[in-house]
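Top line first, the protein sequences correspond to chains A and B. Going by the numbering used here, 111 is the number at position 111 of the first sequence; the sequence numbering is gapless. Going by the numbering used here, 1069 is the number at position 69 of the second sequence; the sequence numbering is gapless. Even glycine gets a Cβ: it sits at the ideal position worked out from N, Cα and C. Step one of this worksheet: look at the structure below.
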Amino acid sequence: AQSVTQPDIHITVSEGASLELRCNYSYGATPYLFWYVQSPGQGLQLLLKYFSGDTLVQGIKGFEAEFKRSQSSFNLRKPSVHWSDAAEYFCAVGVGTGANNLFFGTGTRLTVIP
Amino acid sequence: DAGVIQSPRHEVTEMGQEVTLRCKPISGHDYLFWYRQTMMQGLELLVYFNNKAVMDDSGMPKDRFSAKMPNASFSTLKIQPSEPRDSAVYFCASSFLRGRTYNEQFFGPGTRLTVL
């Protein structure tokens, strides 16, 4: 069965510091992987996705993620965090036709301190 | 362009009452998804439609929940009777596939439901 694990519930970083959010997945086939961001009171916005090709993918807002099949990981990174990046981040694996069935991790809440 | 529209944004009701959540997908999108977000279970897919037909409702409790999509621009999620454990944020999302490899789902702002 498919599952997604985000081991860090809450991360605090200083503005300007680098960021890495961890995501591990379990899925028998080649996964469709996604990172979403949720700001308070808002819906989810897609940051980036991976389903084939280059294992380092670029997304919006300066985020990138690297797919590592050997580690079943899809970690999200940003070299320099801005205060506006404070939000909740969700990793998801998509299964089925068009990756319609999204299975989400429990999320990582990011706090950015000045 | 307007995104996915959900109404109401907040709903407070008493146990046993009927609750109806509404969603208007992005124009031209032919997939519509309903999710529930709780602290305990996180984000769960309840049901999704393609061209107004239910494709998968395995995540939806059938005894009290029902989802309909009477036309391409409107969907409802109904809970009857509601229970305190239904308290959650309910998200609607829409997308289109049409020859693409995957569906990018666009999420609405959610409806926060509180059942007392």
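Less than 8 Å divides the Cβ of W35(A) from the Cβ of G59(A). Excluding five sequence positions before and after F63(A), the CB atoms of its chain that fall closer than 8 Å to its own CB belong to W35, L47, L48, L76, R77 and K78, given in chain order. Contact between T1114(B) and Q1006(B) is ruled out by a C-beta separation of about 16 Å, above the 8 Å threshold. Under the Cβ distance rule, T1101(B) counts among the residues neighbouring chain A, one pair being separated by less than 8 Å. For F1091(B), the residues of chain A that pass the 9 Å Cβ criterion are G43 and L44, in the order they occur in the chain.
Close partners of G1108(B) in chain A (Cβ separation under 9 Å): G43. Any Cβ of chain A closer than 8 Å to the Cβ of L1045(B) would place that residue at the interface, and such an atom is present. Closest option to R22(A), judged by alpha-carbon separation, among T97(A), E66(A), A86(A) and G94(A): E66(A). Within its own chain, the residues whose Cβ lies closer than 7 Å to the Cβ of Q1037(B), once the five positions on either side in sequence are excluded, are L1043, A1088, V1089 and F1091, listed in chain order. Residue-level contact by beta carbon fails for F63(A) and chain B, as no gap is shorter than 8 Å. Bridge partners of H1010(B) according to DSSP: R1112(B). The C-beta of L1032(B) comes no closer than 8 Å to any C-beta of chain A. Taking 8 Å as the cut-off, the beta carbon of G28(A) is found no closer than this to the beta carbon of N1103(B). If you ignore the 5 residues before and after P7(A), its C-beta comes within less than 6 Å of the C-beta of R22, all in its own chain and listed in chain order. Listed along the chain, the chain B residues whose CB falls inside 9 Å of the CB of Y32(A) are T1101 and Y1102.
At a cut-off of 8 Å between beta carbons, D1057(B) makes no contact with chain A. Setting aside the 5 residues that flank it on each side, A1072(B) is surrounded in the same chain by P1025, D1030, N1051 and K1052, each with a C-beta closer than 8 Å to its C-beta; the list follows chain order. Judged by DSSP secondary structure, W83(A) falls outside any beta strand (DSSP E); it is assigned neither H nor E. Contacts with chain A at 8 Å (Cβ-Cβ) include L1097(B). Around the beta carbon of I1079(B), a 10 Å sphere encloses 16 or more other beta carbons of the protein chains shown; the residue is thus reported as buried.
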